[in-house]
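Residue numbers (the numbering used here): 406 to 845. First the structure, in the form of structure tokens, and then the observations on it.
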Amino acid sequence: MLKKLRLRITLLYLILAIVLALVVGGGTYSLVNYYFRATNDYALKVKMGLQFASLDIPLPLDLYEAVRQAGLVITKVTPTPSFTQSQTEESSDKNRAPGGEGHEEGLQESELADIYVLPLTLEGGLVSGLNTQLTIADVNSEAVAAAVQNGYDFRTVKTNDGASVRLFTYLVPDDEQVQVFQVGRYLSAQQQVLKQLLDTMVLLGGLITILFGVASWVLAGRTIKPSQQAWDKQQAFIANASHELRTPLTLIHAGLELSMRKVASEEQRELLSDVLSDANYMNKLIEDLLLLSRLDAHSLKMDIQPVKISDFIPEILRQVERLTEAQQISLVQNIEDINILADPVRLKQILLIILDNAIRNNQAGGSVKIEIALKNEKENIDRVFDRFYKINNQSTTEYGGSGLGLSIAKGLVEAQNGKISLISIAGEGTQVKLIFPSSP
């Protein structure tokens, strides 16, 4: 009975583990990606600052701060008509702060080594006369246009061969030769690192999820073990009590029937009749509890077979005919000639339970409509399927019900792969729907 609960607890733990893994893994990946982005942008700013210094152009504040944080001191350098990238780096080497021969500057040099520089015109063409191994195909014209309009532009683009490049394009003020600088860094190495990180996290996440799933299953089993033991004891008690109570109830029933034949007083006969009615009710209650116990334990065998409804219903209607006459209830039938897959004995029990509830809870002179057709409508299950729940507060003697009938009906329907639903509208009536698999 509690296996489904164990499975649900395991799935809950597993979902929490997956969510936690996604949060931790996604956070780690995002932090590493953000670090690469920030490092690239910082290195591109430093490289751009060195290009400004090589042309003896005053550095904008953002470029100056980047160069200063790199531990470099920029002094005016007399520009030459044909400066190269190596000459620019030599110029920066000559203008380092005193005592700057440490590890931090060596790291800065390695970070700048893979950044290329494109001196451009406002139209995005390469400046002639400057030594560069790159061609016009390497220029991103959209970034140039954005830099001309906004002063600078950061973006990540893809080259013609599919490689990702982080670009920093800056408008150069007051220079006749170079009007725009575009510096870029290929992201292939960083993307490879991110891919390896992602693959590693997916692999570790999968292994951790599997291990956590196994641990969750074991933990859930230990968690519900006391409940399972209590449930098993309850089921055993109900079964044993039912069997033990059957014998004395049978003897009481037989004794009452024998006494009713012998007594001559009408008053004593009525008294014995009431006791016999209570004994019958007690016997039915025990049978219902035993049946519910078997349904809960999934030990009730079902003989599923094709059932022709048109031949099946008349027999049931004959059994409730006396009750309908006593309650002055009319039965309205609308039955199609269809076949369903069900256990005939249990289906009969289900329909008798539903009809009994419909008749007993109806008003005098009312009607009960039985409609059987091929339909597919949504269900609206109410509390009437809860055990021992009663719609009214009638006493057991007056009503003759224990509050278990519809619970049994629901269990029997579901045991046959069917569905039962109830829709009640105040002032109009109550509709009970039974859905069974159709038979070819």
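By construction, the Cβ of each residue, glycine as well, lies at the ideal position given by its N, Cα and C atoms.
- Item | Span separating the alpha-carbon of residue 658 from that of residue 722 | Taking the straight line from one Cα to the other gives about 28 Å.
- Task: Locate the beta strand (DSSP E) running through residue 524, then write down its first and last residues.
- Result: 520 to 525
- Query: Between which two residues does the alpha helix (DSSP H) carrying residue 621 extend?
  - Reply: 593 to 667
- Taking the alpha-carbon positions, what's the residue 471 to residue 618 distance? 49 Å
- With DSSP run on the structure shown, which of helix, strand or coil describes residue 719? helix
- Query: Got a sec? Which residues, its chain only, sit under 8 Å from residue 750 by beta carbon, not counting five neighbours each side?
  - Reply: 708
- Message: So if DSSP puts residue 777 in a beta bridge, which residue, or which two residues, is it bridged to?
- Response: 740
- Query: Helix, strand or coil: which one does DSSP assign to residue 690?
  - Reply: helix
- Task: Could you name the residues that DSSP lists as bridge partners for residue 557?
- Result: 575
- Message: Does residue 753 come out as helix, strand or coil in the three-state DSSP assignment?
- Response: helix
- Would you mind sorting residue 655 into buried or exposed? The rule is 16 or more other CB atoms within 10 Å of its CB. exposed
- Taking 8 Å as the cut-off, decide whether the C-beta atoms of residue 552 and residue 574 are in contact. yes
- Compute the distance between the beta-carbons of residue 616 and residue 589, then report whether it is under 8 Å. no
- Query: What's the C-alpha gap between residue 735 and residue 679?
  - Reply: In a straight line, the C-alpha of residue 735 is about 29 Å away from that of residue 679.
- Task: Report the rounded CA-to-CA distance for residue 719 versus residue 777, giving the unit in angstroms.
- Result: Distance between the alpha carbons of residue 719 and residue 777: 13 Å.
- Taking only the alpha-carbon atoms, compute the straight-line gap between residue 641 and residue 824 and give it to the nearest angstrom. 28 Å
- Item | Straight-line Cα distance separating residue 599 from residue 579 | 41 Å
- Message: Considering only the alpha carbon of each residue, which of 714, 706, 727, 418 lies closest to residue 744?
- Response: 714
- Grouping DSSP H, G and I as helix and E and B as strand, with all else coil, what is residue 835? strand
- Item | Helix, strand or coil at residue 546 according to DSSP, with G and I counted as helix | helix
- Can you tell which of 548, 439, 421 has its C-alpha closest to the C-alpha of residue 576? 548
- Task: Could you give the DSSP three-state label for residue 451: helix, strand or coil?
- Result: helix
- Query: What whole-angstrom Cβ distance do residue 676 and residue 661 have, given they're in contact under 8 Å?
  - Reply: Contact flag wrong, Cβ pair sits at about 10 Å.
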